[in-house]
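These notes are about the structure you will find just below.
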Amino acid sequence: MTTVPISSTDQPSSFLARLWTPRNRYYFIAFLFILPAIINFSIFRYLPIFAAARASLWQYSLLGGYRDFVGLQHYQFMMEDIYFWKSMKVTAMFVLMKVPVQVLLSLMLAVLLQKETRSSAIVRSAIFTPVVTSVVVVSIIWAMMYHSQLGLINSILSAFGIPRQVFLSDADRALPAMSAMMVWKDLGFSMIIIMAGLKGIPVVYREAAIVDGAKPWQIMRHITLPLLKRVLMFVVVTQTIFSFQNFVPVYVMTKGGPMDSTKVIVFYIYQYGFLFQDMGYASAMSVVTLLVLLVVSMIQMRLFRTDVEY
Amino acid sequence: METVNTNTGVDVRKRSPNQILKKLGLVLGENFLYLILVVVFVAPLAWMVLGSLREEKEIFANLYPFTIHTFWPITWTLDTYLDMFGISEIGIMYGLHFHRFMANSLIVSVAVVSCSLVFNTMGAYFFARLDFPFKNFLLIFVVATMLIPFQATIVPLYIVVSKLGMRDSFWGLIVPWFASPFVIFALAQFIKEIPKELDEAATIDGASLWGILWHVILPNAIPGIITMALLEFQFIWNLFYWPLIVINSSDLQMIQVAIANQTTQTQIFWGRTFAGSTLASLPVIIIFLALQKWYIQGVATTGLKG
Numbered sequence: 069m070t071t072v073p074i075s076s077t078d079q080p081s082s083f084l085a086r087l088w089t090p091r092n093r094y095y096f097i098a099f100l101f102i103l104p105a106i107i108n109f110s111i112f113r114y115l116p117i118f119a120a121a122r123a124s125l126w127q128y129s130l131l132g133g134y135r136d137f138v139g140l141q142h143y144q145f146m147m148e149d150i151y152f153w154k155s156m157k158v159t160a161m162f163v164l165m166k167v168p169v170q171v172l173l174s175l176m177l178a179v180l181l182q183k184e185t186r187s188s189a190i191v192r193s194a195i196f197t198p199v200v201t202s203v204v205v206v207s208i209i210w211a212m213m214y215h216s217q218l219g220l221i222n223s224i225l226s227a228f229g230i231p232r233q234v235f236l237s238d239a240d241r242a243l244p245a246m247s248a249m250m251v252w253k254d255l256g257f258s259m260i261i262i263m264a265g266l267k268g269i270p271v272v273y274r275e276a277a278i279v280d281g282a283k284p285w286q287i288m289r290h291i292t293l294p295l296l297k298r299v300l301m302f303v304v305v306t307q308t309i310f311s312f313q314n315f316v317p318v319y320v321m322t323k324g325g326p327m328d329s330t331k332v333i334v335f336y337i338y339q340y341g342f343l344f345q346d347m348g349y350a351s352a353m354s355v356v357t358l359l360v361l362l363v364v365s366m367i368q369m370r371l372f373r374t375d376v377e378y
Numbered sequence: 264m265e266t267v268n269t270n271t272g273v274d275v276r277k278r279s280p281n282q283i284l285k286k287l288g289l290v291l292g293e294n295f296l297y298l299i300l301v302v303v304f305v306a307p308l309a310w311m312v313l314g315s316l317r318e319e320k321e322i323f324a325n326l327y328p329f330t331i332h333t334f335w336p337i338t339w340t341l342d343t344y345l346d347m348f349g350i351s352e353i354g355i356m357y358g359l360h361f362h363r364f365m366a367n368s369l370i371v372s373v374a375v376v377s378c379s380l381v382f383n384t385m386g387a388y389f390f391a392r393l394d395f396p397f398k399n400f401l402l403i404f405v406v407a408t409m410l411i412p413f414q415a416t417i418v419p420l421y422i423v424v425s426k427l428g429m430r431d432s433f434w435g436l437i438v439p440w441f442a443s444p445f446v447i448f449a450l451a452q453f454i455k456e457i458p459k460e461l462d463e464a465a466t467i468d469g470a471s472l473w474g475i476l477w478h479v480i481l482p483n484a485i486p487g488i489i490t491m492a493l494l495e496f497q498f499i500w501n502l503f504y505w506p507l508i509v510i511n512s513s514d515l516q517m518i519q520v521a522i523a524n525q526t527t528q529t530q531i532f533w534g535r536t537f538a539g540s541t542l543a544s545l546p547v548i549i550i551f552l553a554l555q556k557w558y559i560q561g562v563a564t565t566g567l568k569g
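Protein chains in written order, with our numbering: chain A, 69 to 378; chain B, 264 to 569.
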């Protein structure tokens, strides 16, 4: 508003003066508080989606720019690209191997460790430490632990008389080995959220059940779990979205191998965009991945709405 | 909450021997489980830190089969760190300068955390307190950004940042993160808990909106702000994919990419890999251990309300 030059005639400036009421002045200043965030999100969160949608319709590279308009050809190619489908399958398998195990274990640990004792606090910090450790470092160290000749895991197995095992260079074992590592890393995160959820359940419910003579597992089954459903749903969905975008372990540990058995979708997009310099096709795959994950988010919101309140 | 005393069993005398045995078994079993959990979650990191404090040939000599010295060094030395910082002969020979990457990561993290605290606190104050005609629309605009998957949309983000000419510079590392929907949301929840009477009193005293934010909200929101600063510092320090693609000049690279490149090129130098990994992860781990109460609080709030 202030940028409009005051013209020579009286009319517009008095119009402006009428707009510049104390109320509007307040709104203007209030808007300045949120403006930086709005600018950031417009440019770095929303604009990329439009850029991707546009680039996905072109033969596009950073140096050459928009060369040829190809319409939906990238999407057509994607439908027939067996490597795209394979990477989607690998991604889904990674999510299925990781998320259920992680949620189950973190639920068990949250229940086990919710006591406010010193020892359980120590165990909680120990479990949470990998969460703050960078994925890169975790991947590097675990790659060394999984080493087929010198790895720590084989060394420990040898103490039990088990011969050396191959982990990361076996096409059947690499993905499970990677998801085991990521369960180890992310467990503390979901555990803390579930613990916060447990704390939110009013104690009277459990006390009432104990008075009625309910056994611990009955309390778990009929009181804790139903009331925890919302939090568990949240953990499942966020972890699904998060794990679907797994990239760093693949980059550091296997580079997608052996035999593409760990080539997840984000790594495949990375290869096309930055190694093959085909930003158009990479953008098209980004758009599809974005849509898939948006559908997951929608399901999340739907599930959140139809929930038991307490 | 120290009233329980299950470990010592206050009224042992009132119980039958069978009950005592059962109780004892339970306590022992529980502590054994605790021990296993601590070992499982700490061992890999302990192996890394201890491995960085010994000679490389000693690591290999004691790896297989498993003994106590697989973990515990026989001779303690800081040689691998001297290598990583380019102080020792080997370090100079290989042209290692890890302090450079640590400094880069520190600069970027501190810059992002500072900017982000200013802009996110402002945004949070807006949503928690201020009046605006399209506030609900703006709230949806901000919350919806949380639905955009970051790793999956990194190619288009790269296109945008390149177009803005920020590729291969600290600008490209800092500017995209100067505001965060998660932080705005969490801080807004936090500010809502501050009594509104404080604002009103300040308004009557003639304070402007900035004045209220600075003198009333900020001092009361310090715990929340510290929590968010910690989470954000960890997020930026641990960033990998974004600096990997946006930075080409090795002098500007951040530590996570540097350590990943170092190890894939020189897979055989385990001592140096351990040292580099320790340097890349220990700062955040130490901050976490020192301030873990706030840290966990932050995760729990962003998790539950985000």
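Every residue, glycine too, gets a C-beta built ideally from N, C-alpha and C. Everything numeric in this text was worked out from a predicted model, so none of it was measured.
Using a beta-carbon distance below 9 Å, is residue i in contact with chain A?
| i | result |
| --- | --- |
| Gln414(B) | yes |
| Ser540(B) | yes |
| Asn483(B) | no |
| Phe348(B) | no |
| Pro513(B) | The question names Pro, but residue 513(B) in the sequence shown is Ser. Cβ-Cβ to chain A under 9 Å: no for Ser513(B). |
| Phe453(B) | no |
| Trp339(B) | no |
| Asp431(B) | no |
| Pro396(B) | yes |
| Gln516(B) | no |
| Ser425(B) | yes |
| Ile411(B) | yes |
| Met385(B) | yes |
| Phe382(B) | yes |
| Ala492(B) | no |
| Leu311(B) | Reading off the sequence shown, one finds Met at residue 311(B), where the question assumed Leu. At least one chain A Cβ lies under 9 Å of Met311(B). |
| Thr408(B) | yes |
Does DSSP put residue i in a helix, a strand or coil?
| i | result |
| --- | --- |
| Phe137(A) | strand |
| Ser279(B) | coil |
| Pro458(B) | coil |
| Gln555(B) | helix |
| Leu393(B) | coil |
| His360(B) | coil |
| His142(A) | helix |
| Ser82(A) | helix |
| Pro546(B) | helix |
| Ser409(B) | Note on residue identity: the sequence assigns Met, not Ser, to residue 409(B). DSSP places Met409(B) in coil when its eight states are reduced to three. |
| Arg192(A) | helix |
| Trp335(B) | coil |
| Met327(A) | coil |
| Ser351(B) | coil |
| Met517(B) | coil |
| Gln345(A) | coil |
Which residues does DSSP pair with residue i in a beta bridge?
| i | result |
| --- | --- |
| Trp126(A) | Phe137(A) |
According to the Cβ coordinates, are residue i and residue j closer than 9 Å?
| i | j | result |
| --- | --- | --- |
| Phe537(B) | Thr343(B) | yes |
| Thr384(B) | Ile488(B) | yes |
| Leu164(A) | Leu255(A) | no |
| Leu542(B) | Ile518(B) | yes |
| Met327(A) | Ile337(A) | no |
| Thr490(B) | Pro444(B) | no |
| Phe335(A) | Gly348(A) | no |
| Trp500(B) | Ser368(B) | yes |
| Lys166(A) | Ser311(A) | yes |
| Val424(B) | Pro439(B) | yes |
| Gly139(A) | Leu125(A) | yes |
| Phe315(A) | Tyr504(B) | yes |
| Tyr388(B) | Ala451(B) | yes |
Should residue i be flagged as near chain B, meaning a C-beta pair shorter than 9 Å?
| i | result |
| --- | --- |
| Tyr94(A) | yes |
| Thr201(A) | yes |
| Ser174(A) | no |
| Tyr192(A) | Reading off the sequence shown, one finds Arg at residue 192(A), where the question assumed Tyr. Answer yes: the Cβ-Cβ gap between Arg192(A) and chain B drops below 9 Å somewhere. |
| Tyr273(A) | no |
| Tyr114(A) | yes |
Just by C-beta distance, which residues in the stretch 207–218 of chain A are closer than 7 Å to chain B?
Ile208, Ile209, Trp210, Met212, Met213, Leu218
Within 9 Å of chain A by C-beta, residues of the stretch 456–490 of chain B in sequence order
Under the 9 Å Cβ criterion, the stretch 456–490 of chain B contributes Ser471, Leu472, Trp473, Leu476.
Taking any Cβ of chain B, which residues in the stretch 138–172 of chain A have a Cβ under 7 Å from it, in chain order?
Result list empty, no residue passes.
Could you run through the stretch 310–333 of chain A and flag, in chain order, every residue whose CB is less than 9 Å away from some CB of chain B?
The residues in question are Phe310, Phe312, Gln313, Asn314, Phe315, Val316, Tyr319, Val320, Lys323, Ile333.
Which residues, in order along the stretch 341–374 of chain A, keep a beta-carbon less than 7 Å from a beta-carbon of chain B?
Gly341, Phe342, Met347, Ala350, Ser351, Ser354, Thr357, Leu358, Leu361, Leu362, Ser365
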